[in-house]
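Sequential numbering of the sequence shown, starting at 1, is according to UniProt numbering. Idealized CB from N, CA, C, for every residue including glycine. Small disclaimer: the values here were computed from a predicted structure and weren't measured. Written out below as structure tokens is the structure these notes cover.
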Amino acid sequence: MTESTQHGQAQHGRPWVPWLVTALVVLMSGGVMYLAHRGTSQAEALAEQSRQSAVEAATRARDAEAARLQLEQKLAALEAERTQLATEKEQLSSEKEQLSQTVQEQEAELAKLKATYDDLQDKMKAEIADGAIRLSQAEGRIQVDLVDKVLFDSGDASISARGQEVLTRLGSVLAKVEDKSIQVSGHTDDSPPSQKLQSTFPSNWELSVARAVNVVRFLQDTGGVPARRLVAAGYGQMRPVSTNATPQGRARNRRIEVLLMPDLPSKRTPAAAVQRAVAGGTAAKAQAKPARGAK
Numbered sequence: 001m002t003e004s005t006q007h008g009q010a011q012h013g014r015p016w017v018p019w020l021v022t023a024l025v026v027l028m029s030g031g032v033m034y035l036a037h038r039g040t041s042q043a044e045a046l047a048e049q050s051r052q053s054a055v056e057a058a059t060r061a062r063d064a065e066a067a068r069l070q071l072e073q074k075l076a077a078l079e080a081e082r083t084q085l086a087t088e089k090e091q092l093s094s095e096k097e098q099l100s101q102t103v104q105e106q107e108a109e110l111a112k113l114k115a116t117y118d119d120l121q122d123k124m125k126a127e128i129a130d131g132a133i134r135l136s137q138a139e140g141r142i143q144v145d146l147v148d149k150v151l152f153d154s155g156d157a158s159i160s161a162r163g164q165e166v167l168t169r170l171g172s173v174l175a176k177v178e179d180k181s182i183q184v185s186g187h188t189d190d191s192p193p194s195q196k197l198q199s200t201f202p203s204n205w206e207l208s209v210a211r212a213v214n215v216v217r218f219l220q221d222t223g224g225v226p227a228r229r230l231v232a233a234g235y236g237q238m239r240p241v242s243t244n245a246t247p248q249g250r251a252r253n254r255r256i257e258v259l260l261m262p263d264l265p266s267k268r269t270p271a272a273a274v275q276r277a278v279a280g281g282t283a284a285k286a287q288a289k290p291a292r293g294a295k
């Protein structure tokens, strides 16, 4: 048997080999394609995961930045609040010191006021006992009401001998008073001066002013009260403290009031100017010969 004949028999005996080769090629191609597709899917999945991670990281970074900014704002607000609290604490401390000083000054003022009141009570106890002088204290003020008969004769503006003695005792207390303005005001009842008095005192205004000015002058000249603290005023019958329908009420309305008030420098008026404005020439009439009459 020849060689070609043997080769032909061999090929004829294995007809499945080409198919096997083809199948293997197809399988290998499919495997390669599967692996390539699988690799692409994994790559895409990894890429998507990376993208999502990047987005989440960016979101976390933005949140962290926002939190940082918010924290900084809170810290700034807390710092501003701390500064404000420190300022308020300092102000409160200053106000507390001022209040404490004010309280101490008020307590000292009240103590001085009480001492003056007690001194007046002691010096005027006889007149207070018989009702000729009324002494009162309220709102940092002391008021001494003297009925006219204690200081003046009827219808007269000149101070009587008894009045001089009373005012001397009063002046000894007032001369020691500091930081107080002393207003002396004259008051009458509603009866006009008698006909023979009208040449000297045309109305109760002139009579009340003349009496107040004469008391101020006596307190200054004889009592030693500083003139800068004295004020004279006349109210006539315009400020009654009782009814004018009875003799007792009329007697109460005819009075001299001495009022001790807190001294306010910004409102203080020079004594000379006050005397000129209030007296207005009436003081000269008050020095004339005493006239006797109904008052």
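- Val150: member of the alpha helix (DSSP H) spanning 148-151, first to last residue.
- Less than 7 Å separates the beta-carbon of Ser185 from that of Tyr235.
- The three-state reading of DSSP puts Ala157 in coil, since its state is none of H, G, I, E or B.
- With a threshold of 16 other beta carbon atoms within 10 Å, Lys180 meets it and is buried.
- Val215 is not a Cβ neighbour of Leu174, given a cutoff of 7 Å.
- Taken through DSSP and simplified to helix, strand or coil, Pro247 comes out as helix.
- Under DSSP, Asp189 shares a beta bridge with no residue.
- Secondary structure note for Ser136: its beta strand (DSSP E) is the uninterrupted segment 133-138.
- In this structure, DSSP gives Pro226 a state outside helix and strand, which the three-state scheme calls coil.
- Judged by beta-carbon spacing, Pro240 lies within the 7 Å limit of Asn253, meaning their Cβ atoms are closer than that value.
- Check the Cα spacing between Thr168 and each of Pro202, Phe218, Ile133, Ser158: the tightest is with Phe218.
- Taking a 10 Å sphere around the C-beta of Gly171, we find 16 or more other C-beta atoms and assign the residue as buried.
- Here the C-alpha atom of Arg60 lies approximately 48 Å from the C-alpha atom of Leu27.
- Just measuring C-alpha positions, the residue of Val166, Glu95, Ile159 sitting nearest Gln121 is Val166.
- Listed as beta-bridge partners of Glu257 by DSSP are Asp145, Ser185.
- By alpha-carbon distance to Ile142, the top candidate from Val21, Leu259, Pro18 is Leu259.
- Here the region 154-164 makes contact with the region 199-212; the two share three or more CB pairs at distances below 8 Å.
- Gly30 and Ala36 have their C-alpha atoms some 9 Å from each other.
- As a beta-bridge residue in DSSP terms, Ala232 pairs with Val184.
- In this structure Thr188 is buried. Its beta-carbon is surrounded by 16 or more other beta-carbon atoms within 10 angstroms.
- Apart from sequence neighbours up to five positions away, no residue of its chain approaches Glu139 with a beta-carbon distance below 7 Å.
- In terms of Cα proximity to Thr246, the closest of Gly39, Asp190, Leu92 is Asp190.
- Between Leu151 and Ile256, the C-beta spacing is below 7 Å.
- In terms of CA proximity to Arg211, Gln183 leads the group Gln195, Ala108, Gln183, Arg229.
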